[in-house]
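Quick note, the sequence shown lines up with residues 1 to 85 if you use the UniProt record's numbering.
Ideal Cβ positions, reconstructed from N, Cα and C, are used throughout, including at glycine.
In what follows, a structure is listed as structure tokens, so that the remarks can point back to it.
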Amino acid sequence: MYHTLWNLINKISDKESAAGIYLAVNIVCWTALTVLLGIAGAVLIHIDLAKAVLNILCAGTYAGIIFGLVGGILYLQRRTGEDDL
1 MYHTLWNLIN KISDKESAAG IYLAVNIVCW TALTVLLGIA GAVLIHIDLA
51 KAVLNILCAG TYAGIIFGLV GGILYLQRRT GEDDL
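Given below as structure tokens:
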């Protein structure tokens with residue numbers, strides 16, 4: 001997923017802003033995916049959505065930060081290391 005998103009961002013943006021756009025899109029994608037899965041899970045197991053929405057949003061935020069930001073930074077660092085070789 002990281003590689004595909006990076007290639008897409010590189011095609012549509014200039015080189016100076018590609019990393020920033022990549023990290024922002026990565027965070028939004030991970031957050032939205034987690035929130036959508038949380039809502040679907042709550043509906044499937046018949047949990048009151050009004051009571052679960054705070055926990056779902058919190059989990060989405062953490063997923064965006066951990067997998068989106070930190071994962072994206074680690075991917076960019078590894079990719080930059082490969083380009084220097």
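Which residue wins for smallest C-alpha separation from residue i, given the options the options?
{"i": "Ile27", "options": "Gly41, Lys11 and Ile73", "result": "Ile73"}
{"i": "Ala63", "options": "Arg79, Lys11 and Leu33", "result": "Leu33"}
Throw me the rounded Cβ distance for the residue i and residue j pair, which I believe falls under 8 Å.
{"i": "Gly60", "j": "Thr31", "result": "5 Å"}
{"i": "Leu69", "j": "Leu23", "result": "6 Å"}
{"i": "Leu49", "j": "Ala40", "result": "Incorrect: roughly 11 Å between the Cβ atoms, too far for contact."}
Measuring straight from C-alpha to C-alpha, what distance separates residue i and residue j?
{"i": "Leu8", "j": "Val35", "result": "24 Å"}
{"i": "Cys29", "j": "His3", "result": "14 Å"}
{"i": "Leu44", "j": "Gly38", "result": "10 Å"}
{"i": "Gly20", "j": "Leu54", "result": "28 Å"}
Alpha helix (DSSP H) runs wholly inside the segment 46-79, at least 4 long, in chain order: 49-63
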